[in-house]
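> Numbering (this note's numbering), first residue to last: 1205 to 1518.
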Amino acid sequence: MPDAILSVLAAAAPSTTSILLASMGGLINRQGGIVNIGLEPMMLVGAFAAVIVSAQTGNPFLGLLAAIASGALLGLLFSWSITRLGANEIVAGLGLNLLVLGFFGYLLPTVFRIEGTLLPPGLVGLPKLQIPLIDQIPGLGPIVSGHDVVTYLSWLSVPLVSLFLYRTPLGIQLRATGANEEAARAAGVPTLRLRDFSTVLAGAFAGLAGAQLSLGVVTLFNKTMTGGRGFIALAAFYFGDARPGLTALGAVIFGVFEAAGFRLGSSGIPSQLVQMLPYLVVVISLTLVAVRRERRLRERGRAAAASMRTAVVR
1205 MPDAILSVLA AAAPSTTSIL LASMGGLINR QGGIVNIGLE PMMLVGAFAA
1255 VIVSAQTGNP FLGLLAAIAS GALLGLLFSW SITRLGANEI VAGLGLNLLV
1305 LGFFGYLLPT VFRIEGTLLP PGLVGLPKLQ IPLIDQIPGL GPIVSGHDVV
1355 TYLSWLSVPL VSLFLYRTPL GIQLRATGAN EEAARAAGVP TLRLRDFSTV
1405 LAGAFAGLAG AQLSLGVVTL FNKTMTGGRG FIALAAFYFG DARPGLTALG
1455 AVIFGVFEAA GFRLGSSGIP SQLVQMLPYL VVVISLTLVA VRRERRLRER
1505 GRAAAASMRT AVVR
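Structure (structure tokens):
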């Protein structure tokens, strides 16, 4: 296998992690009936909290906990604005994006006296884990071994989310809430609390995704560091039709193309084209999903019409 492909695949693992985690959170939220376009600011808040706590304590794992807590808190506020105050989820999500960007645009120059990158003294990043024996295998070693713990946890999250949604009473109630909230409420399901719970979980996943960026991929904070990954995560679970396995596949595809874009950036190709690559893949993928969904609806319509004709003949 050419070295260039190996380097792209090795870089794709950390690139995929943040997208995968955020998409799993967004998927849970979508199953509860909320389209969360606030994943991006939740990631950004998580990245910031992780950097501050890691720098203050010297412990990156406490930084991860802070990121999860801050993302979950922001998720709760977002959910309450929708479920209790009646805000439109799209408008609330856009407002959250603008609010968090404005907050950091004010905070960094005012409190930290910087305009761009925050790199506080004492900041400790996540250690890289070398897997014995596997790290010695040519080709496979750099792809599988040598990543931070959050990268490995992100892959564990895929079967866990699937198990939660399809094999637990709470997950089944959550899916019922998303499918038909009024019917679920009539059956005694606490729909409002479940929607809050799903949004808190989405915030926790997004906060952890942000922490992986600020402590795992790089060891710093910048208000633009998420780079649209929250919206790419949104595209991933639409690509996967809100199913964990296919959503993970979508996250991998986007992560690979993002890593390929970084590698192409050093090959003399104009940077604007390189930066466009992941988003171009998103647009193409969502177009294919829409075409597939339309075709499926037409097939169902034909099947329904055929069964009606059969019933009339009888």
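For every residue, glycine included, the Cβ atom is placed at its ideal position computed from N, Cα and C.
These numbers were taken from a predicted model, which means no experiment stands behind them.
#1: Would the stretch 1442 to 1455 count as touching the stretch 1315 to 1329 if we require 3 or more Cβ pairs under 8 angstroms?
#2: Please identify the residue among I1347, V1328, L1327, G1329 whose C-alpha is closest to the C-alpha of I1335.
#3: Output the distance between the C-alpha atoms of L1398 and T1381, rounded to the nearest integer angstrom.
#4: If I measure Cβ to Cβ from V1164 and keep anything under 8 angstroms in the same chain, skipping five residues before and after, which residues do I get?
#5: How about F1308 and L1248: do their beta carbons lie closer than 9 angstroms?
#6: List the DSSP bridge partners of D1158.
#7: Under the three-state reduction of DSSP, which class applies to T1372: helix, strand or coil?
#8: Just to confirm, is the Cβ distance from S1402 to I1232 under 9 angstroms?
#9: Could you check if P1519 is buried or exposed, using at least 16 other CB atoms within 10 Å of its CB as the buried criterion?
#10: To the nearest angstrom, how far is it from the Cα of E1244 to the Cα of E1386?
#11: With burial defined as no fewer than 16 other Cβ atoms inside 10 Å of the residue's Cβ, what is the status of I1174: buried or exposed?
#12: Please report how far the alpha carbon of G1345 lies from the alpha carbon of Y1356, in whole angstroms.
#13: Indicate the three-state DSSP secondary structure (helix, strand or coil) for N1426 in the structure shown.
#14: Tell me the residue span of the alpha helix (DSSP H) that contains V1257.
#15: Compute the distance between the beta-carbons of L1225 and F1409, then report whether it is under 9 angstroms.
#16: Which residues share a DSSP beta bridge with L1322?
#17: Pull up the distance between the alpha-carbon of A1214 and that of S1222, whole angstroms please.
Based on what the coordinates show:
#1: Here the stretch 1442 to 1455 does not lie against the stretch 1315 to 1329, with fewer than 3 beta-carbon pairs under 8 angstroms apart.
#2: Closest option to I1335, judged by alpha-carbon separation, among I1347, V1328, L1327, G1329: I1347.
#3: Each residue's Cα considered, the two are about 8 angstroms apart.
#4: Past the edges of the chain, shown from 1205 to 1518, lies residue 1164, and the structure says nothing about it.
#5: Between F1308 and L1248, the gap from beta carbon to beta carbon is short of 9 angstroms.
#6: Residue 1158 falls outside the range modelled here, since the chain spans only 1205 to 1518, and no answer is possible.
#7: In the three-state scheme derived from DSSP, where H, G and I count as helix and E and B as strand, T1372 is classed as coil.
#8: Using a Cβ distance threshold of 9 angstroms, S1402 and I1232 count as a contacting pair.
#9: Beyond the ends of the chain as shown, which are 1205 and 1518, falls residue 1519; an answer cannot be given.
#10: As the crow flies, the alpha-carbon of E1244 is around 30 angstroms from that of E1386.
#11: Lying before the first or after the last residue shown, residue 1174 is absent from the chain, which here runs from 1205 to 1518.
#12: Spanning the two alpha carbons is a distance of roughly 14 angstroms.
#13: Looking at N1426 - three-state DSSP - the assignment turns out to be strand.
#14: Per DSSP, V1257 belongs to the alpha helix (DSSP H) from 1243 to 1261.
#15: Cβ distance < 9 angstroms, so L1225 and F1409 count as in contact.
#16: Residue pairing for L1322: DSSP places it in a beta bridge opposite F1425.
#17: Rounded to whole angstroms, A1214 to S1222 spans 15 angstroms at the Cα level.
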